[in-house]
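Residue numbers (my numbering): 11 to 915. Think of the CB as a built atom: it goes at the ideal place given N, C-alpha and C, for glycine as much as any other residue. Notes follow the structure.
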């Protein structure tokens with residue numbers, strides 16, 4: 011019996027499918043090396059799709075002079091390259107903007123790992139591909155196994171050639187389809203000798219270096235294994251889609267330990283590959299001890315660069331400040347349930363005892379955790395990003411460090427001079443205690459190194475100034491050697507412990523400062539009621555926390571960022587800021603998108619939408635990529651985004667409240683006014699009608715005046731009735747009397763009182779015989795039809811035709827009142843709002859309530875109403891009512907009602 015599927019896994023798979031629906035699909039043609047036929051296979055498949063009618067565009071296709079490959083481009087449009095100046099030459103490059111503007115169904119982008127010419131939008135071609143996918147364009151591309159980031163060092167160890175162009179493994183793993191293009195090593199070598207891979211001297215060099223049979227066999231194995239891992243992921247995705255519980259269980263996540271040495275990259279890459287094979291999560295941490303904090307900036311940045319590489323490979327990274335490396339690693343491993351710790355092996359002669367001690371301490375303290383030892387780089391080889399390939403380390407200690415050591419030594423000498431007069435009152439043991447006090451104070455004030463120097467100076471001073479014979483380093487009693495040794499040991503141990511406590515106190519102060527800053531920032535944002543307050547608070551907090559200038563850009567109604575009104579930042583690029591806002595992705599300094607920009611652009615992503623962009627100018631132009639700093643900055647950005655969203659909805663709520671109160675007041679005034687006017691208007695209509703019927707009849711002039719009085723009073727009475735009805739409908743005072751009725755009966759009732767308003771205009775009714783009964787309030791729907799017909803008569807010439815038609819559409823019945831007049835006014839989407847007229851200034855009577863009343867009545871019936879241009883010109887207003895299930899009745903309909911009887915219903 012199959013177990014119940016994991017609902018979280020199924021939901022995650024459904025969400026992934028939903029997010030992929032709007033993106034283009036990526037197919038990667040994957041091979042062990044150049045020449046296996048990736049481009050050929052890609053062009054073959056693209057040609058078949060083009061023959062089926064898909065729009066295929068060749069963005070970048072490298073044929074390398076192969077005639078058979080170039081022949082496959084026939085019938086495929088080729089995108090012209092973009093020319094960029096670099097090094098005194100113009101180089102062809104993929105034109106990303108032209109590809110986005112062309113919007114083909116499918117684009118071919120060869121050599122995914124290619125590095126773009128400086129000045130391009132992205133440093134790497136795979137980033138161009140990601141932008142194409144985000145635009146909904148399908149992409150075919152090619153890549154070799156040596157270009158995968160996690161296998162880069164393995165290929166370098168096999169071939170002896172380090173490949174500088176790499177692609178993050180996540181791009182490969184996230185591809186919708188991977189096609190393996192494979193050739194045996196002997197066949198590939200035969201193609202090379204035949205000139206089908208490279209030509210001339212290039213082919214000869216390749217055969218002597220990279221294209222050796224052993225290399226090709228090993229690369230083929232790597233490609234097959236990597237493809238097998240990908241197939242495994244596809245099978246697992248299929249099981250999730252079929253609601254089958256996953257059957258692969260991991261033995262525990264991995265923890266990679268990054269140190270300041272050269273083997274950090276090897277540890278990270280091996281851990282990434284192992285995590286992929288075991289199908290488990292993995293973490294990478296760097297334990298920063300007091301000694302490592304004093305390393306030159308270049309070596310610290312190199313270690314943090316390895317952490318950034320681990321993050322790119324999918325790891326969760328963390329910097330752990332602690333004096334005990336083993337304790338910090340074990341605490342993190344147990345907190346995050348990490349079953350295996352991966353450590354690098356120290357190079358021969360590079361502190362092997364310390365490394366063995368770390369292994370031993372970990373094994374002794376945690377026998378339940380597996381320890382995996384990873385070999386370092388081969389001797390004489392340097393890998394990308396290793397400290398050895400970075401800028402030279404900073405020279406000797408700076409001036410402040412030398413001063414600390416100087417003060418430590420002077421403290422020992424000053425203590426000797428200060429304690430010399432005390433020899434007459436104090437024994438030598440007490441003076442030795444005073445020297446230890448000096449060592450303790452130096453350790454507290456200046457740290458571990460100066461305390462060690464102070465210890466040595468104090469021991470020497472005690473021997474020279476106090477131990478007989480005085481003022482000589484000779485010792486008359488051998489027992490004093492024990493005193494010297496104890497003093498030295500106690501001083502060293504005391505200085506070590508004090509320096510460690512000093513380090514822990516400094517770390518605690520930093521954590522407290524970060525927590526306090528976060529608390530104050532959240533508290534200040536909680537009281538912000540305007541965007542300006544959020545902007546100022548965020549700007550001040552970033553300046554305090556990171557020592558950097560910042561501006562916050564908010565979007566306008568059109569989605570374009572509005573420049574900050576304050577002092578501009580040097581190097582600010584509105585195009586980069588807009589790119590970060592549109593894609594909700596960081597850009598600029600320290601990122602993979604336009605890293606040459608001097609500013610860092612961070613989008614403010616709130617739960618509902620992106621609320622703006624935070625542009626930061628690092629102090630001094632440098633931005634140290636510390637993971638905890640980036641997480642702190644992300645937290646600030648998230649809080650600012652939520653505050654902006656809260657302010658937005660406060661403004662929306664306030665606007666809605668004001669509108670509601672205004673609407674309530676207006677309805678109350680209209681109801682009171684119309685109610686008070688209704689009685690005198692009724693009397694006025696009655697009196698005018700009495701004058702018209704008076705005996706003896708009035709003279710011609712008096713009768714004309716009475717007729718005008720009667721018409722105007724009736725029009726004013728109708729207007730007041732509309733006002734009162736509108737107020738009653740919106741207040742909910744009207745209760746619907748819904749009954750199953752025939753629509754044609756209501757149409758006839760609505761047309762009878764409109765004979766005078768219609769005049770010579772013709773009325774055509776087209777109501778099909780099979781139209782079912784509808785459940786509605788006959789009085790109110792009659793009012794709707796009367797208003798629509800009267801509105802058509804008001805805005806059409808006398809010789810026009812007004813048509814009333816009905817039809818069944820799925821679960822709705824559509825009723826349309828159309829005419830062949832001038833049609834609807836252009837650009838008017840508010841025709842159904844109150845007090846809105848088709849012509850603002852017009853001789854036609856009315857205040858613009860007829861269509862608003864129609865909408866209110868139709869919506870009260872659960873229907874909807876809209877206006878459009880009629881098929882033959884003129885206006886057409888359609889309202890839809892729910893069809894429902896009418897009761898069963900005998901067929902009492904007359905033949906199909908379709909009349910054209912002038913103004914007669």
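Asked: Rounded C-alpha distance that separates residue 455 from residue 496; Found: 23 Å
Asked: Whole-angstrom distance between residue 349 and residue 265, CA atom to CA atom; Found: 8 Å
Asked: Residue 530 versus 519, 542 and 554, residue with shortest Cα-Cα distance; Found: 554
Asked: Distance between residue 805 and residue 913 (C-alpha atoms, nearest Å); Found: Confidence at residue 913 is low in this model, with a pLDDT of 45, below 50, so the placement of that residue is unreliable and no value is reported for it.
Asked: Simplified DSSP state of residue 402, which is helix, strand or coil; Found: Reliability fails at residue 402, whose pLDDT of 37 lies under 50, so the model's placement of it is uncertain and no value is given.
Asked: DSSP three-state assignment for residue 369, whether helix, strand or coil; Found: helix
Asked: Beta strand (DSSP E) segment containing residue 100, residue limits; Found: 99-103
Asked: Cβ distance (whole Å) where residue 667 is taken to contact residue 625 below 8 Å; Found: Actually they do not touch by this definition, with Cβ atoms about 35 Å apart.
Asked: Range covered by the alpha helix (DSSP H) that runs through residue 136; Found: 135-144
Asked: Residue 897 burial status per 10 Å Cβ neighbour count (16 or more: buried); Found: exposed
Asked: Pairwise C-alpha distance: residue 542 and residue 583; Found: 22 Å
Asked: Residue interval of the alpha helix (DSSP H) (run including residue 879); Found: No alpha helix (DSSP H) holds residue 879; the beta strand (DSSP E) holding it covers 874-879.
Asked: Whether residue 238 touches residue 347 by CB criterion (8 Å); Found: no
Asked: CA-to-CA distance, residue 700 to residue 723, given in whole angstroms; Found: 13 Å
Asked: Cβ-based neighbour list, residue 175, same chain, cut-off 7 Å, excluding 5 preceding and 5 following; Found: 123, 124, 125 and 157
Asked: As assigned by DSSP and simplified to three states, the class of residue 40; Found: strand
Asked: Residue from 377, 103 and 295 whose Cα sits closest to the Cα of residue 275; Found: 295
Asked: Straight-line gap, residue 59 to residue 83 (C-alpha atoms, nearest Å); Found: 13 Å
Asked: Span of the beta strand (DSSP E), counted from its first residue to its last, around residue 829; Found: 822-829
Asked: heavy atom of the ligand PLP below 7 Å from residue 48 C-beta; Found: Absence of the ligand PLP from the depicted structure is noted, as is the absence of any ligand whatsoever, leaving it without description.
Asked: Same chain, Cβ closer than 6 Å to residue 793, neighbours up to 5 away in sequence not counted; Found: none
Asked: Contacts around residue 826, its chain only, beta-carbon distance under 6 Å, and the 5 residues preceding and following it disregarded; Found: 815, 886 and 888
Asked: Among 198, 152 and 241, nearest to residue 55 - alpha-carbon criterion; Found: 152
Asked: Under the three-state DSSP convention, the category residue 296 falls into; Found: strand
Asked: Residue range of the beta strand (DSSP E) that includes residue 383; Found: 380-384
Asked: For residue 331, three-class secondary structure by DSSP; Found: strand
Asked: Between the CA atoms of residue 715 and residue 860 - distance to the nearest angstrom; Found: 28 Å
Asked: Residue closest to residue 881, alpha-carbon to alpha-carbon, out of 813, 818, 863 and 892; Found: 813
Asked: CB of residue 66 within 8 Å of CB of residue 138, strictly; Found: no
Asked: C-alpha distance - residue 257 paired with residue 288, whole-angstrom precision; Found: Residue placement at residue 257 is poorly supported in this model, since its pLDDT is 27, which falls under 50; the coordinates still yield a value, given next. One C-alpha to the other measures close to 13 Å.
Asked: Residues bridged to residue 188 [DSSP beta-bridge criterion]; Found: 38
Asked: Sufficient close CB pairs (3 or more, under 8 Å) joining the region 41-52 to the region 86-101; Found: no
Asked: Beta-carbon proximity of residue 317 to residue 327, cut-off 8 Å; Found: yes
Asked: Assigned secondary structure, residue 460 (DSSP; H/G/I helix, E/B strand, else coil); Found: helix
Asked: Beta strand (DSSP E) segment containing residue 435, residue limits; Found: Run containing residue 435: none; DSSP gives neither H nor E here.
Asked: C-alpha distance - residue 766 paired with residue 721, whole-angstrom precision; Found: 11 Å
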